[in-house]
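Trainee: Okay, here's the structure, questions in a sec.
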Amino acid sequence: MADSPLLEIRDLAIHFATETGTVEAVKGISFSLQKGETLAIVGESGSGKSVTGLALTRLLPEPPTIYKSGQILLDGQDVLKKSPRELRTIRGNKIAYIFQEPSTSLNPVFTIRNQIAEAIRLHRPEVRDIDAEVIKYLDLVGIVDPAKRLHDYPHQLSGGMQQRVMIAMALSCQPELLVADEPTTALDVTIQAQIMDQLRDLKKQVNMAIILITHNFGIISGIADRVAVMFRGKIVEYGETRAVLANPQHPYTKALIQCIPQPGQKRERLTTIDHAALEAATT
Amino acid sequence: MSALFTHWLTQNLLVLAGFALIGWMLWSVSHHERWRRAWLRFKSDRSGIIALLVVCLYLLLGALEVLRFPTGGGATRTVLDLFVGHIPAEKSYSMPLAKTLLSEANPDPLKATHLLGTDALGKDVFVEVLKACKTALILGGLTAAIYIPLGTLFGLLAGYFRRRTDDLIQYLYTTLASIPTILLLVSIILVLGKGLGTMSFALGLTAWVGLCRLIRGETLRQSERPYVTAARALGQSHWKIITQHLLPNVMHLVVINFVLGFSGIVLMESVLSYLGVGTPVGTASWGNMIDSGRSELSRDPMVWWNLVSATVALFGLVLSLNLVGDSLRRAFDPKRG
Numbered sequence: 001m002a003d004s005p006l007l008e009i010r011d012l013a014i015h016f017a018t019e020t021g022t023v024e025a026v027k028g029i030s031f032s033l034q035k036g037e038t039l040a041i042v043g044e045s046g047s048g049k050s051v052t053g054l055a056l057t058r059l060l061p062e063p064p065t066i067y068k069s070g071q072i073l074l075d076g077q078d079v080l081k082k083s084p085r086e087l088r089t090i091r092g093n094k095i096a097y098i099f100q101e102p103s104t105s106l107n108p109v110f111t112i113r114n115q116i117a118e119a120i121r122l123h124r125p126e127v128r129d130i131d132a133e134v135i136k137y138l139d140l141v142g143i144v145d146p147a148k149r150l151h152d153y154p155h156q157l158s159g160g161m162q163q164r165v166m167i168a169m170a171l172s173c174q175p176e177l178l179v180a181d182e183p184t185t186a187l188d189v190t191i192q193a194q195i196m197d198q199l200r201d202l203k204k205q206v207n208m209a210i211i212l213i214t215h216n217f218g219i220i221s222g223i224a225d226r227v228a229v230m231f232r233g234k235i236v237e238y239g240e241t242r243a244v245l246a247n248p249q250h251p252y253t254k255a256l257i258q259c260i261p262q263p264g265q266k267r268e269r270l271t272t273i274d275h276a277a278l279e280a281a282t283t
Numbered sequence: 001m002s003a004l005f006t007h008w009l010t011q012n013l014l015v016l017a018g019f020a021l022i023g024w025m026l027w028s029v030s031h032h033e034r035w036r037r038a039w040l041r042f043k044s045d046r047s048g049i050i051a052l053l054v055v056c057l058y059l060l061l062g063a064l065e066v067l068r069f070p071t072g073g074g075a076t077r078t079v080l081d082l083f084v085g086h087i088p089a090e091k092s093y094s095m096p097l098a099k100t101l102l103s104e105a106n107p108d109p110l111k112a113t114h115l116l117g118t119d120a121l122g123k124d125v126f127v128e129v130l131k132a133c134k135t136a137l138i139l140g141g142l143t144a145a146i147y148i149p150l151g152t153l154f155g156l157l158a159g160y161f162r163r164r165t166d167d168l169i170q171y172l173y174t175t176l177a178s179i180p181t182i183l184l185l186v187s188i189i190l191v192l193g194k195g196l197g198t199m200s201f202a203l204g205l206t207a208w209v210g211l212c213r214l215i216r217g218e219t220l221r222q223s224e225r226p227y228v229t230a231a232r233a234l235g236q237s238h239w240k241i242i243t244q245h246l247l248p249n250v251m252h253l254v255v256i257n258f259v260l261g262f263s264g265i266v267l268m269e270s271v272l273s274y275l276g277v278g279t280p281v282g283t284a285s286w287g288n289m290i291d292s293g294r295s296e297l298s299r300d301p302m303v304w305w306n307l308v309s310a311t312v313a314l315f316g317l318v319l320s321l322n323l324v325g326d327s328l329r330r331a332f333d334p335k336r337g
């Protein structure tokens with residue numbers, strides 16, 4: 001391998017120990033990510049995609065979470081072997097997150113300036129003029145007249161604006177990898193498109209790797225270089241986005257792609273996924 | 001050390017520092033949008049505003065009784081004495097606004113008119129009631145200074161870390177709550193000795209349980225919210241998450257609990273005084289007045305003014321604190337936008 005990958009996941013298995021037995025959430029997955037590359041993890045609810053995202057910096061509560069086997073290599077070092085203190089320097093600094101619900105991911109009692117300033121103070125203590133830095137990032141994520149917005153509280157912003165603030169907060173740490181966990185699911189379709197455009201622009205400007213976790217195949221084309229399709233805790237298909245979209249191999253991938261509504265098509269019932277048939281095909 | 005603590009100058013400074021602290025706290029929260037909006041709602045609530053003014057009046061009376069100035073020769077007087085110090089003491093009981101002593105055999109004329117009469121020792125009841133504000137406020141303040149940090153911290157820790165920490169803290173407070181409160185209070189005071197300080201300590205040791213339960217529950221709810229995960233994803237430490245993210249989100253509960261709990265503490269003082277383990281005899285306190293008043297009810301003619309005055313004064317403080325607490329709760333209610 002010419003270039004060592006930024007992130008490499010080898011045979012990762014994650015279990016949850018519950019009172020009624022062990023739940024196998026992720027069953028031995030492997031993938032890798034180069035610097036500046038975008039990977040989309042696509043799958044339905046409960047397929048293990050969010051768990052995978054959170055596991056990258058061990059954000060899942062332990063217990064009940066058990067990292068059964070495998071390695072998460074970030075710059076060649078295993079995240080699963082790090083101490084809590086070392087983990088805190090990875091979080092935000094190397095890997096930053098944006099979550100599904102922007103309205104609740106921002107602390108309701110702080111202004112957006114204070115929330116972004118917290119991230120900057122934590123990871124870039126050398127920054128002197130924090131206000132200017134906050135404005136710079138708010139501007140970067142496309143917030144109009146950011147200086148006037150500094151002292152707004154989260155509830156004074158629309159959902160799309162809140163998500164932009166979350167993105168600004170993540171970017172202000174200057175991470176090498178941004179994990180976007182369903183960043184557009186809670187937003188309406190026009191705002192979804194705006195946020196995806198924004199991410200696409202940012203990717204060009206800041207050269208950072210992105211892991212985009214979504215259930216919606218429709219939003220990944222044009223942003224993701226590669227795609228991993230997850231089903232029941234396993235990666236069932238992994239490859240170049242273009243190739244996967246054009247020629248899906250796994251029946252689940254085919255079914256997911258068929259679920260994207262096509263404009264101009266004859267009106268008919270939307271396709272649903274027949275899990276019983278898929279289960280039979282997968283095992 | 002204790003000589004320094006009881007020195008009038010130190011006490012003056014403490015009172016001023018207390019008021020400065022309250023002022024600073026109000027000033028710092030006035031920058032928070034949430035508190036500003038709560039204040040706007042609070043202002044439009046007339047009963048809350050009137051109650052707040054009454055509470056402030058009590059606070060002022062308490063402060064006037066603590067603040068002292070030297071009168072020369074090492075002696076000091078309280079500021080309150082400036083206003084009421086000239087009222088002379090009588091020999092014994094007299095009815096409110098009476099011209100003579102109560103004694104039928106020997107109805108001596110009084111030296112002055114007493115608004116609320118005089119007690120067994122001939123002290124003016126009105127002055128005693130005013131002076132007792134100090135005792136009630138010091139007791140409430142000291143107790144709050146013990147139980148609020150304790151209850152808030154334990155509640156936050158239990159709600160945030162859960163598991164073993166939660167088990168341990170729950171074990172602590174359920175054990176404490178299972179002991180009858182009065183019995184526990186009386187035994188602590190009897191072991192440590194009577195006095196305002198030990199009484200506050202004992203009350204503080206038992207009063208944190210309710211607050212802790214409340215804060216724990218709210219923290220359990222808040223720590224499930226994505227902003228806590230987001231803070232962890234930023235690499236924030238547990239301590240910072242607790243103090244910077246969770247504490248401001250449960251702070252309104254602390255404020256309301258303090259206001260409502262304060263009246264309970266003042267009431268408990270009269271209960272303890274009634275049981276004979278309250279404030280030392282000689283210190284003006286509503287509890288002591290009620291305690292001595294109950295035996296005087298059986299006299300003929302009945303001596304009621306002592307008991308009634310103290311009870312009304314206590315009632316006034318408790319009622320207005322409760323009204324302020326209610327208004328605060330309404331003002332902070334997120335459902336009202």
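If you read the sequences in order, they're chains A and B.
Just so you know, we're using the working numbering here: the first sequence kicks off at 1 and counts up by one.
Just so you know, we're using the working numbering here: the second sequence kicks off at 1 and counts up by one.
Virtual Cβ for every residue (Gly too), placed ideally from N, Cα, C.
With 16 other CB atoms within 10 Å as the buried threshold, where does Thr272(A) fall?
Mentor: Counting from 1 along the first sequence, the entry for residue 272(A) is found at position 272. Flag for Thr272(A) reads exposed.
Trainee: Pick out the complete alpha helix (DSSP H) segments inside the stretch 42-83 of chain B, 4 residues or longer, and give them in chain order.
Mentor: If we require 4 residues or more, the alpha helix (DSSP H) runs fully inside the stretch 42-83 of chain B come out as 46-66.
Trainee: Once the 5 residues before and after Thr118(B) are set aside, which same chain residues still bring their CB inside 7 angstroms of it?
Mentor: Numbered from 1 along the second sequence, position 118 holds the residue referred to as residue 118(B). Glu90, Tyr93, Ser94, Asp124 and Val125.
Trainee: Report the start-end ranges of each beta strand (DSSP E) in the stretch 12-63 of chain A that is 3 residues or longer and not cut off at the edges.
Mentor: If we require 3 residues or more, the beta strand (DSSP E) runs fully inside the stretch 12-63 of chain A come out as 21-33 and 38-43.
Trainee: Taking the CB atoms as reference points, tell me whether Arg41(B) and Ala331(B) lie closer together than 8 angstroms.
Mentor: One-based indexing of the second sequence puts residue 41(B) at position 41. One-based indexing of the second sequence puts residue 331(B) at position 331. Their beta carbons are under 8 angstroms apart, which means Arg41(B) touches Ala331(B) by this criterion.
Trainee: Kindly list, in the order they appear in chain B, the residues whose Cβ is closer than 8 angstroms to that of Leu106(A).
Mentor: One-based indexing of the first sequence puts residue 106(A) at position 106. Simply Tyr227 and Ala230.
Trainee: Which residue marks the beginning of the alpha helix (DSSP H) containing Ser223(B), and which one marks its end?
Mentor: Sequence index remark: in the second sequence, residue 223(B) carries index 223 (1-based). Where Ser223(B) is concerned, there is no enclosing alpha helix (DSSP H), given that its DSSP letter is neither H nor E.
Trainee: Could you check the C-alpha separation between Gly316(B) and Leu57(B) for me, to the nearest Å?
Mentor: Residue mapping note: residue 316(B) aligns to position 316 of the second sequence, counting from 1. Residue mapping note: residue 57(B) aligns to position 57 of the second sequence, counting from 1. Computed Cα separation, rounded: 11 angstroms.
Trainee: Does the beta-carbon distance from Val303(B) to Lys194(B) come in below 8 angstroms?
Mentor: To locate residue 303(B), count along the second sequence from 1; it is residue 303. To locate residue 194(B), count along the second sequence from 1; it is residue 194. No.
Trainee: With 16 other CB atoms within 10 Å as the buried threshold, where does Gln262(A) fall?
Mentor: The residue given as residue 262(A) occupies position 262 in the first sequence. Exposed: under 16 other Cβ atoms inside 10 Å.
Trainee: Could you compute how far the alpha carbon of Lys131(B) sits from the alpha carbon of Ile182(B)?
Mentor: Within the second sequence, numbered from 1, the residue matching residue 131(B) stands at position 131. Within the second sequence, numbered from 1, the residue matching residue 182(B) stands at position 182. If you take the alpha carbons of Lys131(B) and Ile182(B), they lie about 26 angstroms apart.
Trainee: Start and end of the beta strand (DSSP E) containing Gly70(A)?
Mentor: Counting from one through the first sequence, the residue named residue 70(A) turns up at place 70. Its beta strand (DSSP E) spans residues Thr65 to Leu74.
Trainee: Quick check on Leu328(B) - is its C-beta less than 8 angstroms from some C-beta in chain A?
Mentor: Here residue 328(B) refers to the residue found at position 328 when the second sequence is read from its first residue. Leu328(B) does not count as touching chain A.
Trainee: Comparing the C-beta of Tyr97(A) with each C-beta of chain B, is any distance below 8 angstroms?
Mentor: As a working mapping, residue 97(A) is identified with position 97 in the first sequence. For Tyr97(A), the answer is yes, since a Cβ of chain B falls inside 8 angstroms of its Cβ.
Trainee: Under the rule that 16 or more other beta-carbon atoms within 10 Å means buried, what is Glu86(A), buried or exposed?
Mentor: The residue given as residue 86(A) occupies position 86 in the first sequence. With fewer than 16 other Cβ atoms within 10 Å, it is exposed.
Trainee: How is Met1(A) classed by DSSP in three states: helix, strand or coil?
Mentor: Here residue 1(A) refers to the residue found at position 1 when the first sequence is read from its first residue. Note that Met1(A) has pLDDT 45, beneath the 50 cutoff, so the model's placement of it is unreliable and the number below is only indicative. Met1(A) falls in the coil class under three-state DSSP.
Trainee: Check the Cβ of Ser237(B) against every Cβ in chain A and list those closer than 7 angstroms, keeping chain order.
Mentor: Here residue 237(B) refers to the residue found at position 237 when the second sequence is read from its first residue. Under the 7 angstroms cutoff, chain A gives Arg88.
Trainee: May I ask whether a heavy atom of the ligand HEM can be found less than 7 angstroms away from the beta carbon of Lys111(B)?
Mentor: Because no ligand of any kind appears in the structure shown, any question about the ligand HEM cannot be addressed here.
Trainee: By how many angstroms is the C-alpha of Asn93(A) removed from the C-alpha of Cys173(A)?
Mentor: The residue labelled residue 173(A) in the question sits at position 173 within the first sequence. The residue labelled residue 93(A) in the question sits at position 93 within the first sequence. So the alpha carbons of these two residues sit roughly 6 angstroms apart.
Trainee: Is His123(A) buried or exposed, if buried means 16 or more other CB atoms sit within 10 Å of its CB?
Mentor: On the first sequence, position 123 is the one that residue 123(A) refers to. His123(A) is buried by the Cβ-count criterion.
Trainee: Can you tell me the Cα-Cα spacing of Leu6(A) and Gln77(A), whole angstroms?
Mentor: Translated into positions along the first sequence, residue 6(A) becomes position 6. Translated into positions along the first sequence, residue 77(A) becomes position 77. In a straight line, the C-alpha of Leu6(A) is about 10 angstroms away from that of Gln77(A).
Trainee: DSSP three-state label for Gly239(A), please.
Mentor: One-based indexing of the first sequence puts residue 239(A) at position 239. Gly239(A): strand per DSSP, three-state reduction.
Trainee: Does Leu118(B) come out as helix, strand or coil in the three-state DSSP assignment?
Mentor: As a position in the second sequence, residue 118(B) is number 118, starting the count at 1. First, the residue type needs correcting, since residue 118(B) is Thr and not Leu in the sequence shown. Here Thr118(B) sits in strand by DSSP.
Trainee: Which residues, in order along the stretch 201-217 of chain A, keep a beta-carbon less than 8 angstroms from a beta-carbon of chain B?
Mentor: From the stretch 201-217 of chain A, no residue has a Cβ closer than 8 angstroms to chain B.
Trainee: Quick one: which residues of the stretch 18-29 of chain B get their C-beta closer than 8 angstroms to a C-beta of chain A? List them in chain order.
Mentor: Cβ contacts with chain A come from no residue of the stretch 18-29 of chain B.
Trainee: Would you please verify whether the beta carbon of His250(A) is less than 8 angstroms from any beta carbon of chain B?
Mentor: Sequence index remark: in the first sequence, residue 250(A) carries index 250 (1-based). Closer than 8 angstroms: no.
Trainee: Which value, in whole angstroms, describes the spacing of the CA atoms of Met1(B) and Thr10(B)?
Mentor: Against the second sequence, residue 1(B) aligns to sequence position 1. Against the second sequence, residue 10(B) aligns to sequence position 10. Any reading at Met1(B) needs caution, since the residue's pLDDT is 49, under 50, leaving its predicted position unreliable; the model's value is listed next. Each residue's Cα considered, the two are about 11 angstroms apart.
Trainee: For Gln115(A), which option in Arg299(B), Phe262(B), Val228(B) and Ser178(B) has the closest C-alpha, if you only look at C-alpha atoms?
Mentor: As a working mapping, residue 115(A) is identified with position 115 in the first sequence. Checking every option, the nearest Cα to that of Gln115(A) belongs to Val228(B).
Trainee: Does the stretch 161-173 of chain A come close enough to the stretch 137-144 of chain A that 3 or more CB-CB pairs lie under 8 angstroms?
Mentor: Short answer: they touch.
Trainee: Exposed or buried, Val163(B), counting other C-beta atoms within 10 Å across all chains shown (16 or more means buried)?
Mentor: Taking the second sequence and counting its residues from 1, the one referred to as residue 163(B) is at position 163. In the sequence on display, residue 163(B) carries Arg and not Val. That one is exposed.
Trainee: Starting from Arg91(A), find everything on chain B with Cβ-Cβ shorter than 9 angstroms and list it in chain order.
Mentor: Stepping through the first sequence from its first residue, residue 91(A) is reached at position 91. Result: Arg232, Ala233, Leu234, Gly235 and Gln236.
Trainee: Within 10 angstroms of its Cβ, does Met268(B) collect 16 or more other Cβ (buried), or is it exposed?
Mentor: The residue given as residue 268(B) occupies position 268 in the second sequence. The residue is buried, with at least 16 neighbouring Cβ atoms inside 10 Å.
Trainee: So which residues on chain B does Ala186(A) lean against when the C-beta distance must stay under 7 angstroms?
Mentor: On the first sequence, position 186 is the one that residue 186(A) refers to. Those within 7 angstroms of Ala186(A) in chain B number zero; the least Cβ separation is about 10 angstroms.
Trainee: Please classify Asp291(B) as buried or exposed, where buried requires at least 16 other C-beta atoms within 10 Å of its C-beta.
Mentor: Locating residue 291(B) in the second sequence gives position 291, where the first residue counts as 1. Asp291(B) comes out buried.
Trainee: Excluding five sequence neighbours on each side, which residues of the same chain lie with their C-beta closer than 6 angstroms to the C-beta of Arg269(A)?
Mentor: Numbered from its first residue, the first sequence carries residue 269(A) at position 269. Once the five neighbours on either side are set aside, Arg269(A) has no close Cβ partner at all.
Trainee: Just how far apart, CA to CA, sit Leu256(A) and Ala228(A)?
Mentor: Looking up residue 256(A) in the first sequence gives position 256. Looking up residue 228(A) in the first sequence gives position 228. Rounded to the nearest angstrom, the two C-alpha atoms are 12 angstroms apart.
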